[in-house]
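Please read the structure below before turning to the comments.
Residue numbers (our numbering): 413 to 929.
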């Protein structure tokens, strides 16, 4: 069997975290693996931008669910501790509101958060927060195995895997409820509803359309958030280095122009320079919209269903900065809310325009829990949600500049002043993200998680083209670093299951102990 596996050639298209995880696991099983990546470095959306001579994390900034990589690396005889320097973050985020002079810190310690909420709002809201945490914990425990670890969840498989207790948890939540309506039953203070509703945006969605099950993101953060020495991009660099040490061939600066098929199954890839790489299987670690639009050729056109513009998740306008900050006591993660939260999502999803009252997220990458920073400019990433219409002419410079002025005004109202010269700021728009991630229009999270059936709408690791497997944030189990990493595990496991079995219908699930104590 080992000789048979060594003769199996796999090409992984894209060195995002899903592709890197797939490559590592497949190489560990003895397959001949080549990764092709259009960019000069690994990471995909975990990118860094050099601004004013310093590298600024300009994609994901939060490292959570470390068990996904802990368990994957343990399978191949490695560990996160040997690859990365991780430091726990105790202040998860500092929140400010235009309508309030007070700020609210959310802590990794639930009791400290409850005390902070009691002082910020009321003891009654603190008690409601404690009850909310109990429900999110039960929800996460119920859904981890049947949804996050499962390659192909369906209504039937979910019901079977949940069992009576899990079904009771889901029914108690109200599976047809939206996140916003469910939070309204938990909290009376609209500011707290805003704070926890923001978790819908982690999946690129509106709290008014996202299912209530997304409240489990609260439990994900309470289970632990870490900062990474060297930034989030260091995660991709470490995995890429390990992959090369384990025999994976990594080729940067080479774009894949076509996934080739022969007799109805994936047979290799053709690179932009005309070179062809034959393969017995291909793992595509890009947005499935590129396949559905024929950007990788006609062969994989049916690999996944197309995502309509109205179904796209959020995009963003971001500012990667090396700037001076004053006036507001920043910690590492900071969120600034405006008055009318609902209007932000009405503007984006209904009116398809930049929000008039957009929330601003700011990651101060040189800060820690104490909020201390050295004198001088700091590395920062600021982000405002935007519609994924980067392939339309709507995003002209005047609208982007107006959005920037509104965002800076909100920060000033909350007490924060940023000072930077033009060469100390790099702005990215939905149009830029659309160029970086073909087939998306700038959507950063694949399909929006809207409606209770959205849990089953994302394609699975097993595409509709034999021999072609899917990984990344646009496929199950969803966006974000840990979920994309899990998609890589599922893609590798599905591919191996098909090699070990004559049946392509075999359902795959990732084993391992529960991630929560």
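C-beta atoms are modelled at their ideal positions from N, C-alpha and C, and glycine is treated no differently. Here the structure is a predicted model, which is why all the values come from computation and not from measurement.
Where do the N-terminal and C-terminal ends of the beta strand (DSSP E) with residue 705 fall, by residue?
From DSSP, residue 705 is part of no beta strand (DSSP E); its letter is neither H nor E.
Quick check on this structure: which residue in 782, 776 and 727 has the alpha carbon closest to the alpha carbon of residue 761?
727
Between residue 457 and the rest of its own chain, which residues show a CB-CB distance below 6 Å, the 5 nearest in sequence each way excluded?
471
Taking C-beta to C-beta, are residue 764 and residue 801 nearer than 8 Å?
yes
Measure from the alpha carbon of residue 626 to the alpha carbon of each residue in 602, 652 and 594, then state which is nearest.
594
With distances taken Cα to Cα, identify the nearest neighbour of residue 738 among 487, 527 and 776.
776
Cutting at 8 Å between CB atoms, please list the residues of its own chain near residue 630, excluding the five before and the five after it.
544, 545, 548, 608 and 611
Starting from residue 668, trace the beta strand (DSSP E) both ways and give me its first and last residue.
668-674
Should residue 884 be listed as close to the ligand GDP, given that the test is whether its C-beta is under 7 Å from any heavy atom?
This structure lacks the ligand GDP; in fact it carries no ligand of any kind.
With DSSP collapsed to three states, give me the class of residue 633.
helix
Among residues of its own chain, excluding the 5 on either side of residue 478, which ones have a beta-carbon nearer than 8 Å to its beta-carbon?
492, 498, 636, 638 and 894
Looking only at its own chain, which residues have a Cβ that is under 6 Å from the Cβ of residue 659, when we skip the five neighbours before and after it?
Shown here for residue 659: same chain residues with a beta carbon closer than 6 Å to its own, the five before and five after excluded, namely 439 in chain order.
Ignore the nearest five residues each way along the sequence and tell me which others in residue 701's own chain have a CB closer than 6 Å to its CB.
719, 851 and 852
Mind the definition here: the segment 706-721 touches the segment 445-454 only if three or more C-beta pairs lie below 8 Å; say whether that holds.
Contact check between the segment 706-721 and the segment 445-454: fewer than three CB pairs, one atom from each, fall below 8 Å, which does not count as touching.
Collapsed DSSP secondary structure at residue 857 in the structure displayed
coil
When we look at the beta-carbon of residue 393 and count the other beta-carbons within 10 Å, is it buried (16 or more) or exposed?
Shown here, the chain extends from 413 to 929; a query on residue 393 therefore has no answer.
Of the choices 662, 685 and 691, whose alpha-carbon is the least far from that of residue 674?
691
Determine the DSSP secondary structure at residue 721, reduced to helix, strand or coil.
helix
Would you call the CB atoms of residue 954 and residue 755 closer than 8 Å?
Nothing can be reported for residue 954, as the shown portion of the chain is limited to 413 through 929.
In its own chain, which residues sit with a C-beta less than 7 Å from the C-beta of residue 460, not counting the 5 before and 5 after it?
If we look at residue 460 and ignore the five residues flanking it on each side, its Cβ neighbours are 467, 468, 469, 470, 643 and 645.
With a Cβ-Cβ cutoff of 8 Å, do residue 825 and residue 510 count as a contact?
Yes, the Cβ-Cβ distance between residue 825 and residue 510 is below 8 Å.
Looking only at its chain, what residues have a beta carbon closer than 8 Å to the beta carbon of residue 712, apart from the 5 residues adjacent to it on each side?
671, 673, 678, 696, 703, 875, 877 and 880
Can you tell which of 605, 892, 455 and 819 has the C-alpha that lies nearest to the C-alpha of residue 665?
455
Excluding sequence positions up to five away, which residues of its chain have a Cβ less than 8 Å from the Cβ of residue 514?
532
Distance, Cα to Cα, residue 428 vs residue 899?
Approximately 11 Å between the Cα atoms of the pair.
Taking 7 Å as the limit between beta carbons, can you name the residues of its chain near residue 831, skipping five residues before and five after?
Answer for residue 831: 735 and 736, listed in chain order.
Could you please give the first and the last residue of the uninterrupted beta strand (DSSP E) stretch that includes residue 479?
Unbroken run through residue 479 is the alpha helix (DSSP H), 479-487; no beta strand (DSSP E).
Residue 828 and residue 473 closer than 8 Å at C-beta
no
Quick one: measure Cβ to Cβ for residue 640 and residue 475, integer angstroms, because I've assumed they're closer than 8 Å.
5 Å
Note down, in chain order, each residue of its chain lying with its Cβ closer than 7 Å to the Cβ of residue 751, except the 5 sequence neighbours on either side.
If we look at residue 751 and ignore the five residues flanking it on each side, its Cβ neighbours are 510, 511 and 769.
Would DSSP call residue 862 helix, strand or coil?
coil
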